[in-house]
Amino acid sequence: MVSVAAARKKLVRVCRECHRVVEGESCTICGSGNISTDWAGYLVIIDPQRSEVAKKMNISLPGRYALKVR
Ligand SMILES: [Zn+2]
Numbered sequence: 709m710v711s712v713a714a715a716r717k718k719l720v721r722v723c724r725e726c727h728r729v730v731e732g733e734s735c736t737i738c739g740s741g742n743i744s745t746d747w748a749g750y751l752v753i754i755d756p757q758r759s760e761v762a763k764k765m766n767i768s769l770p771g772r773y774a775l776k777v778r
C-alpha cells in the first residue's frame, strides 16, 4: 500500500513544452505528447496577466503548472 501523496504525485504528469499539468496522454494546451512525471514545484496561476512568474514562464492561461520539468 502506497501513501496517498505518493500515489498522487506519480499520477501527476506535466507537459515538457509548456509545463502545464496534464490529465491524459497529451497536453490540452499545446497538443504536445511530450509528457514528464519528473518535475518539481507546483504552481497555480490564477491571473497570468498579473503574475510575474507567469510572464517569466510565458504562461498566458490560468491553470496548474510545474516550475521545473526534467
Ligand atoms: Zn503543453
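The sequence shown lines up with residues 709 to 778 when you count with the working numbering.
All C-beta atoms in this analysis are idealised placements derived from N, C-alpha and C, irrespective of residue type, glycine included.
- Annotation: Pro770 to Ser759 spans about 10 angstroms, alpha carbon to alpha carbon.
- Here the alpha carbons of Val777 and Ser740 stand approximately 14 angstroms from one another.
- Looking at the backbone, the Cα of Ile753 and that of Glu733 are separated by about 22 angstroms.
- With a cut-off of 6 angstroms, the C-beta of Glu731 is classified as distant from ligand 1, since no heavy atom of the ligand falls inside that distance.
- If you draw a straight line from the Cα of Ile743 to the Cα of Cys726, it is about 10 angstroms long.
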